[in-house]
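Participant:
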Amino acid sequence: MKIVTWNINGVRARIGNLTHWLTESAPDIVCLQEIKTVDEQFPRAEIEALGYNVETNGQKSFNGVAILSKLPFDEVNRGLPGDDADDHARFIEGVFSTDQGALRVASLYLPNGNPVEDERKFSYKLAWMARLERWAEERLRLEEALVLAGDYNVIPEPADARFPENWLGDALFQPQTRQAFRRLKNLGFTEAVRSVTDSAGVYTFWDYQAGAWQKNNGIRIDHLLLSPEAANRFSSASVEKHVRAWEKPSDHVPVAIELSLEPA
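Note that my numbering numbers the sequence shown so that position 103 is 733, with each residue one more than the last.
1) Leaving out five residues on either side along the sequence, give the residues of the same chain with a beta carbon under 8 Å from the beta carbon of leucine 756.
2) Bridge partners of glutamate 898, per DSSP?
3) Looking only at its own chain, which residues have a Cβ that is under 7 Å from the Cβ of histidine 882, when we skip the five neighbours before and after it?
4) Candidates Arg792, Gln804, Ala801, Glu892: which alpha carbon is nearest asparagine 846's?
5) Determine, for valine 873, whether the minimum Cβ-Cβ distance to residues of chain B falls below 9 Å.
6) Under 9 Å, do proline 893 and phenylalanine 726 count as touching if we go by C-beta distance?
7) Tell me which same chain residues have a C-beta within less than 8 Å of the C-beta of histidine 718, skipping the five on either side of it?
8) Roughly how far, in whole angstroms, is the beta-carbon of glutamate 685 from the beta-carbon of glycine 724, given that I think they are within contact range, below 8 Å?
9) Terminal residues of the continuous alpha helix (DSSP H) containing glutamate 763?
10) Report the option in Glu767, Glu888, Trp758, Leu733 whose CA atom is closest to the CA atom of alanine 822.
11) Should valine 668 and valine 634 be called a contact, given that it needs their Cβ atoms to be closer than 9 Å?
12) Between lysine 632 and alanine 886, how many whole angstroms is the CB-CB distance? I'm expecting something under 8 Å.
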């Protein structure tokens, strides 16, 4: 089973790229971030025509997450618990039946947190990560296959940036941000990409500015975390870097994993 995360950076602007990629890559489950549209305006028909079920948690003009799945949804949960005042569309969880039991997949779009000097924005980022940690700890108690997939807006280590020194003042690379990500992982998750390679130069985002793509000036901020039950079924991870060279690309690329699971 192929599960992919992709910050699409505006699904309506990139529906052509998305449908082309779905046909080319043939994922079973896709977690999208930054769909940047309300649920009613999500281009469902084009995606459903390719055999996918669609669930969204949208928001006008910014944020927004979705899950596309060839498997039927058994359950859908929208919004990360823990803050009733948080109206940002950053979280959706789908539950699916497989030959090995339940599979839970969450599509996450963590807050950016910049500028760090804006205490409100950076505090919101850290608070959101703390809520995610509490939620994940509860989900792990279910002892089910769980995949937390998304744009974490976290550069975990210096090897995850071409020029880490350029990110020292950025919320994505602050010690508190990286510590929060480590705490989440240390609950018992396997970070898919880093479990198959420790090489530098593996990036998932290249800014539109200053020729970042052409110079390979990238960072790795899109991650898939696997519960022990999912990690036991994990076979491979890959970054579909070629998509960044397409016309009208997102500034992120798809990150894929394979799990040895079959639909029930």
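Glycine included, every Cβ here is placed at the ideal spot set by N, Cα and C.
Facilitator: According to the structure shown:
1) Position 126 of the sequence shown, counting from 1, holds the residue named residue 756. Gly743, Gln806, Thr807, Ala810, listed in sequence order.
2) The question about residue 898 has no answer here: the residues shown for the chain are numbered 631 through 894.
3) Position 252 of the sequence shown, counted from the first residue, corresponds to residue 882. So the qualifying residues of the chain are Trp636, Asn637, Asn639, Asp781, Thr834, Phe835, Asp852.
4) For the purposes of this step, residue 846 is taken as the residue at position 216 of the sequence shown. The candidate whose alpha carbon is nearest that of asparagine 846 is Arg792.
5) No chain B appears in this structure, which consists of one protein chain only.
6) In the sequence shown, counting from the first residue as 1, residue 893 sits at position 263. In the sequence shown, counting from the first residue as 1, residue 726 sits at position 96. Result yes, Cβ atoms of proline 893 and phenylalanine 726 sit closer than 9 Å.
7) Taking the sequence shown and counting its residues from 1, one reaches residue 718 at position 88. Once the five neighbours on either side are set aside, the close Cβ partners of histidine 718 are Gln689, Asn693, Pro741.
8) Taking the sequence shown and counting its residues from 1, one reaches residue 685 at position 55. Taking the sequence shown and counting its residues from 1, one reaches residue 724 at position 94. About 6 Å; that satisfies the 8 Å criterion.
9) Walking along the sequence shown from the start, residue 763 turns up at place 133. Start and end: 749–770.
10) Here residue 822 refers to the residue found at position 192 of the sequence shown. Per the Cα distances, Glu888.
11) If you number the sequence shown from 1, residue 668 lands on position 38. If you number the sequence shown from 1, residue 634 lands on position 4. The answer is no: Cβ separation not under 9 Å.
12) Locating residue 632 in the sequence shown gives position 2, where the first residue counts as 1. Locating residue 886 in the sequence shown gives position 256, where the first residue counts as 1. Their Cβ separation, rounded to whole angstroms, is 6 Å, which keeps lysine 632 and alanine 886 in contact under 8 Å.
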